[in-house]
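Working notes, beginning with the structure itself.
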Amino acid sequence: MSRRIFADLEKQIEDRREKGLYKEERIIESHQGAEIEVGGRKVLNFCANNYLGLSSHREVLKASREMIRHRGYGLSSVRFICGTQDIHKQLEKKVSEFLGTEDTILYVACFDANGGVFEPFLDQDCAIIADQLNHASIIDGVRLCKARRHVYAHNQMGSGEYEFDGKTLPGLERILQSEEVRGCKYRMIATDGVFSMNGDLAPLDRICELADRYDALVMVDDSHATGFIGKTGRGTPEYFGVMDRVDLVTTTFGKALGGASGGCTSGRRVMIDWLRQVSRPYLFSNTLSPSVVGGTLKVLELLSSTTRLRDKLERNQKYFRRRMTSAGFDIIKGDHPIVPIMFRKFTPNDAPVAQAFARDMLEEGIYVIGFFYPVVAMGQSRIRVQLSAAHSKTQIDRAVEAFIKVGRKHGVIS
Ligand SMILES: Cc1ncc(COP(=O)(O)O)c(C=O)c1O
Numbered sequence: 001m002s003r004r005i006f007a008d009l010e011k012q013i014e015d016r017r018e019k020g021l022y023k024e025e026r027i028i029e030s031h032q033g034a035e036i037e038v039g040g041r042k043v044l045n046f047c048a049n050n051y052l053g054l055s056s057h058r059e060v061l062k063a064s065r066e067m068i069r070h071r072g073y074g075l076s077s078v079r080f081i082c083g084t085q086d087i088h089k090q091l092e093k094k095v096s097e098f099l100g101t102e103d104t105i106l107y108v109a110c111f112d113a114n115g116g117v118f119e120p121f122l123d124q125d126c127a128i129i130a131d132q133l134n135h136a137s138i139i140d141g142v143r144l145c146k147a148r149r150h151v152y153a154h155n156q157m158g159s160g161e162y163e164f165d166g167k168t169l170p171g172l173e174r175i176l177q178s179e180e181v182r183g184c185k186y187r188m189i190a191t192d193g194v195f196s197m198n199g200d201l202a203p204l205d206r207i208c209e210l211a212d213r214y215d216a217l218v219m220v221d222d223s224h225a226t227g228f229i230g231k232t233g234r235g236t237p238e239y240f241g242v243m244d245r246v247d248l249v250t251t252t253f254g255k256a257l258g259g260a261s262g263g264c265t266s267g268r269r270v271m272i273d274w275l276r277q278v279s280r281p282y283l284f285s286n287t288l289s290p291s292v293v294g295g296t297l298k299v300l301e302l303l304s305s306t307t308r309l310r311d312k313l314e315r316n317q318k319y320f321r322r323r324m325t326s327a328g329f330d331i332i333k334g335d336h337p338i339v340p341i342m343f344r345k346f347t348p349n350d351a352p353v354a355q356a357f358a359r360d361m362l363e364e365g366i367y368v369i370g371f372f373y374p375v376v377a378m379g380q381s382r383i384r385v386q387l388s389a390a391h392s393k394t395q396i397d398r399a400v401e402a403f404i405k406v407g408r409k410h411g412v413i414s
């Protein structure tokens, strides 16, 4: 009877289609960039993690090609057998320099970094205290580890409203104060630096203060921050002035840092050393390809020499937020290029509105995507706009004009 699963799955898929929750893939026929080709048409892209516009940057492409020439296409090995080249060590050193950490270990994805960062340090006598809105890969990493899991909300009002006053974290403190957690061997606070659905930043200054007070380690996933958050783009620890107080940072090379793939864990030397011994996605998965290493090395060189791109991105996101707010859209406030446009007044029918809105935006030549349950909670459907340093002011103006036109059509704004 196990084969009945096929029919059951068909039914669940059909159910999703009927509820407007079925996700479709759109096919891109060009490089990644501010302008891309979709279905034979040129459209402006406002939904990539290409924050600094480096995904198709000429110098990054050249560095990647040259690295293939010098070090080959692939290594056909995990790191500790015969998969470590001089360039892997160089990249680990450069990432450490960039993030101001003691050492770094590479993974083929940040998903793997998060999958392999808890279990090596924490057993059943330990506690992980995790933000409720952490990325799926942190949640899975925590599941792979025997430590007791405690979840807190970084916003004071629970899951509905994301406006945090930046000062208090009563949920986190309550957990740290509990007898059970105080009695653990080790405690680790695990949080996204930036929450990818909302674009809000974890208040790391407050988190580090609580970690000091209650003797906890701090782990931050900075995938949506490395390269552009903070005055010189070192990420949320720089933004909050706690670069020397965060024990472990995981991040991706698959977003602002060129967007190909790859990730890492960076932090205290002894912890990184231990990860090389026992972290399973590192030990049992192939090494990072030379083309990605070459491209990422070039990206770090570019970002270490100037803050021009992160400065432009900051101007772009502030300008877009200002214009959308004055047009009357319901946006989640913040200081990040992720700008969620909400449809809360349509609840419980907000998912189909978000989907229809995104389709109409594409008709207007603006590529954005609707996010809805199960990616976000019911009643929290949104279009997640992502700004890039590659966008010109004219392109942002075009997007805002299209939002206004489509917004009026759907009764989102008057
Ligand atoms: C916060 C966060 N962590 C980790 C990941 C996974 O990164 P990667 O694509 O390198 O596996 C993502 C990607 O969606 C992310 O948003």
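Per our numbering: the sequence shown = residues 1 to 414.
Just so you know, even glycine gets a beta-carbon here, dropped at the ideal spot from N, CA and C.
message = Quick check on C264: does DSSP put it in helix, strand or coil?
response = Reduced to three states, the DSSP call for C264 is strand.
query = Using DSSP with H/G/I as helix, E/B as strand and the rest coil, what is Q317?
reply = Looking at Q317 - three-state DSSP - the assignment turns out to be helix.
query = Measuring from the CB of T236, is there a heavy atom of ligand 1 at a distance below 7 Å?
reply = Every heavy atom of ligand 1 is 7 Å or more from the Cβ of T236, so no.
inquiry  = One question on the structure: do P348 and Q317 come within less than 8 Å of each other, judged by their Cβ atoms?
reply    = Going by C-beta atoms, P348 is not nearer than 8 Å to Q317.
query = Can you give the Cα-Cα distance for E14 and P374, rounded to whole angstroms?
reply = Each residue's Cα considered, the two are about 15 Å apart.
request  = Under 7 Å Cβ to Cβ from V406, same chain only, skipping five residues before and after it: list those, please.
outcome  = Cβ neighbours of V406 within its own chain (closer than 7 Å, five residues either side excluded): F357, D360, M361, E364.
query = Just the Cα atoms here: how many angstroms apart are S159 and A153?
reply = Unreliable positioning characterises S159 in this predicted model, as indicated by a pLDDT of 41, which lies under 50. A coordinate reading is not provided.
ask   = Measuring CA to CA, which of R408, S392, I404, Q386 is closest to Y51?
value = Looking at the Cα atoms, Q386 is the closest of the given residues.
ask   = Does ligand 1 have even one heavy atom less than 7 Å from the beta-carbon of D140?
value = No.
query = Are G233 and D222 close, meaning C-beta to C-beta below 8 Å?
reply = Taking 8 Å as the Cβ cut-off, G233 and D222 do not qualify as a contacting pair.
message = Using 8 Å for Cβ pairs, my map puts R276 next to E102. What's the rounded Cβ distance?
response = With a beta-carbon spacing of about 13 Å, R276 and E102 fall beyond the 8 Å limit used to define contacts.
task = Given a cut-off of 8 Å, decide if M324 and I332 are closer than it, judged by their beta-carbon atoms.
result = For I332 and M324, no; Cβs fall outside 8 Å.
ask   = Is DSSP giving R16 helix, strand or coil here?
value = In this structure, DSSP gives R16 a helical state, which the three-state scheme calls helix.
message = How far does the beta strand (DSSP E) with H150 in it extend, from its first residue to its last?
response = It spans 148 to 152 - the beta strand (DSSP E) in which H150 sits, taken as one unbroken run.
query = Roughly how far, in whole angstroms, is the beta-carbon of L217 from the beta-carbon of R187, given that I think they are within contact range, below 8 Å?
reply = Their Cβ separation, rounded to whole angstroms, is 7 Å, which keeps L217 and R187 in contact under 8 Å.
ask   = Can you list the beta strand (DSSP E) stretches of 3 or more residues lying completely in the segment 303 to 356, in chain order?
value = DSSP assignment within the segment 303 to 356 yields the following whole beta strand (DSSP E) runs of 3 residues or more, N-terminal first: 338 to 342.
inquiry  = Does the beta-carbon of G254, which I'm using as the reference point, lie nearer than 7 Å to any heavy atom of ligand 1?
reply    = Because some heavy atom of ligand 1 lies under 7 Å away, the Cβ of G254 counts as near it: yes.
key: Beta-bridge partners of R35, as assigned by DSSP   = Reading the sequence as shown, one finds Glu at residue 35 and not Arg. Beta-bridge pairing links E35 to L44.
ask   = Near G20, what residues of its chain come up, given a Cβ to Cβ distance below 7 Å and the 5 sequence neighbours on each side ignored?
value = The answer, listed in chain order, is A351, P352, Q355.
Nearest-angstrom Cβ-Cβ length linking V246 and C208, presumed shorter than 8 Å = Right, their Cβ atoms sit about 7 Å apart.
ask   = Start and end of the beta strand (DSSP E) containing R280?
value = Segment 280 to 283 is the alpha helix (DSSP H) holding R280; no beta strand (DSSP E) there.
ask   = Between A109 and ligand 1, is the CB less than 7 Å from at least one heavy atom?
value = True, at least one ligand heavy atom lies under 7 Å from that Cβ.
request  = Report the option in G411, Y319, V242, S266 whose CA atom is closest to the CA atom of K393.
outcome  = Closest by alpha carbon: Y319.
query = By Cβ distance below 8 Å, which residues in the same chain neighbour Y73 in space, the five residues on each side in sequence not counted?
reply = Once the five neighbours on either side are set aside, the close Cβ partners of Y73 are S289, P290, S291.
inquiry  = According to DSSP, R384 sits in a beta bridge with which residue or residues?
reply    = Per DSSP, P340.
ask   = To which residues does DSSP link A127 through a beta bridge?
value = Beta bridge pairing from DSSP links A127 with R148, R187.
task = Please state if the CB of T287 and the CB of V78 are separated by a distance shorter than 8 Å.
result = Going by C-beta atoms, V78 is nearer than 8 Å to T287.
ask   = Relative to the alpha-carbon of A389, which residue among D397, D311, S64 has its alpha-carbon at the smallest distance?
value = Check the Cα spacing between A389 and each of D397, D311, S64: the tightest is with D311.
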